[in-house]
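Numbering (the numbering used here), first residue to last: 2 to 148.
Backbone N, C-alpha and C fix where the C-beta goes; we use that ideal spot for every residue, glycine too.
Just so we're clear, the structure is a prediction, and the values are computed from it rather than from any experiment.
So the structure is just underneath, and the comments pick up after that.
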């Protein structure tokens with residue numbers, strides 16, 4: 002988590018490192034009947050030479066395969082952007098996972114905040130602030146410490 006937030010105190014984020022493939026994945030969510038939708042805010046900056054891909058994805062098979070719902074390829078700027086609403090009616094009554102994927106070879110950062118999935122109430126959810134330090138030389142999924 003970060004103390005840079007669109008609202009409230011914290012947001013999810015990824016910071017600079019070499020050769021990144023970072024994922025923020027929700028637990029499995031059962032989308033309601035009808036016309037479920039989702040929206041969120043994000044804020045990112047990529048170096049002009051980075052060629053980073055920021056992807057919003059969805060899975061209906063517990064993360065075995067992913068479908069891209071949206072993608073941002075151009076460098077962002079130092080401000081929050083609204084993303085959505087995304088029509089998830091194709092996935093109504095299904096169990097899904099949503100993921101935000103950051104793929105970069107020399108990026109800067111990407112913040113995600115205020116995720117709202119209409120019709121879904123998550124009870125007993127309490128975000129826990131964490132700082133995770135990752136060695137630049139570590140392979141994806143490699144070494145890191147939590148503090």
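Practice problem: In the DSSP assignment, find the unbroken beta strand (DSSP E) run with residue 46 in it and report its ends. | Solution: Taking the first residue of the chain shown as 1, we reach residue 46 at position 45. Looking at the DSSP string, the run of the beta strand (DSSP E) that includes residue 46 is 38-46.
Practice problem: Flag this pair as touching only if the region 66-86 and the region 27-36 have three or more C-beta atom pairs under 8 Å; answer yes or no. | Solution: no
Exercise. In the DSSP assignment, find the unbroken beta strand (DSSP E) run with residue 104 in it and report its ends.
Key: The residue given as residue 104 occupies position 103 in the chain shown. Looking at the DSSP string, the run of the beta strand (DSSP E) that includes residue 104 is 96-107.
Exercise. Take every Cβ of the region 83-97, pair it with every Cβ of the region 13-23, and state whether three or more of those distances are shorter than 8 Å.
Key: no
Quiz prompt | Beta bridge counterpart(s) of residue 31 as assigned by DSSP | solution = In the chain shown, residue 31 corresponds to position 30, counting from 1. Bridge partners of residue 31: 96.
Practice problem: Return helix, strand or coil for residue 68, following the three-state DSSP convention. | Solution: Along the chain shown, read from residue 1 onward, the residue named residue 68 stands at position 67. Residue 68 falls in the strand class under three-state DSSP.
Exercise. Could you tell me the distance, in whole angstroms, from the CA atom of residue 61 to the CA atom of residue 107?
Key: For this step, residue 61 is matched to residue 60 along the chain shown. For this step, residue 107 is matched to residue 106 along the chain shown. In a straight line, the C-alpha of residue 61 is about 31 Å away from that of residue 107.
Quiz prompt | Other residues of its chain near residue 143: CB distance less than 7 Å, five sequence neighbours each side excluded | solution = As a first step, residue 143 must be located in the chain shown, where it is residue number 142. Confidence is the limiting factor: at residue 143 the pLDDT is only 45, short of 50, which leaves the residue's position unreliable, though a coordinate-based value still follows. Excluding residues within five positions, none has a Cβ falling inside 7 Å.
Quiz item: When the Cα atoms are used, what is the spatial distance from residue 21 to residue 110?
Solution: Taking the first residue of the chain shown as 1, we reach residue 21 at position 20. Taking the first residue of the chain shown as 1, we reach residue 110 at position 109. Cα to Cα, the separation comes out at about 11 Å.
Quiz item: Is the beta carbon of residue 114 sitting closer than 8 Å to the one on residue 12?
Solution: Locating residue 114 in the chain shown gives position 113, where the first residue counts as 1. Locating residue 12 in the chain shown gives position 11, where the first residue counts as 1. The answer is yes: Cβ separation under 8 Å.
Practice problem: Verify whether the separation of the beta carbon atoms of residue 39 and residue 83 is less than 8 Å. | Solution: Taking the first residue of the chain shown as 1, we reach residue 39 at position 38. Taking the first residue of the chain shown as 1, we reach residue 83 at position 82. Cβ distance not < 8 Å, so residue 39 and residue 83 don't count as in contact.
Quiz item: In chain order, what residues of the same chain lie with their CB nearer than 6 Å to the CB of residue 68, ignoring the 5 residues before and after it?
Solution: The sequence position of residue 68 within the chain shown is 67, counting from 1. These residues qualify, in order along the chain: 59.
Practice problem: Give every residue of the same chain whose Cβ lies closer than 6 Å to the Cβ of residue 7, excluding the five residues on either side of it in the sequence, and list them in chain order. | Solution: Here the question's residue 7 lines up with position 6 in the chain shown. Here the set comprises 42, 81, 114, 115.
Practice problem: Compute the distance between the beta-carbons of residue 103 and residue 23, then report whether it is under 8 Å. | Solution: Your numbering for residue 103 matches position 102 in the chain shown. Your numbering for residue 23 matches position 22 in the chain shown. Taking 8 Å as the Cβ cut-off, residue 103 and residue 23 qualify as a contacting pair.
Quiz item: What are the partner residues of residue 17, as DSSP defines its beta bridges?
Solution: Locating residue 17 in the chain shown gives position 16, where the first residue counts as 1. The partner list for residue 17 (beta bridge, DSSP) is empty, contrary to what the question assumes.
Quiz item: Starting from residue 112 and walking both ways along the beta strand (DSSP E), at which residues does that stretch end?
Solution: Translated into positions along the chain shown, residue 112 becomes position 111. Run containing residue 112: 110-118, per the beta strand (DSSP E) assignment.
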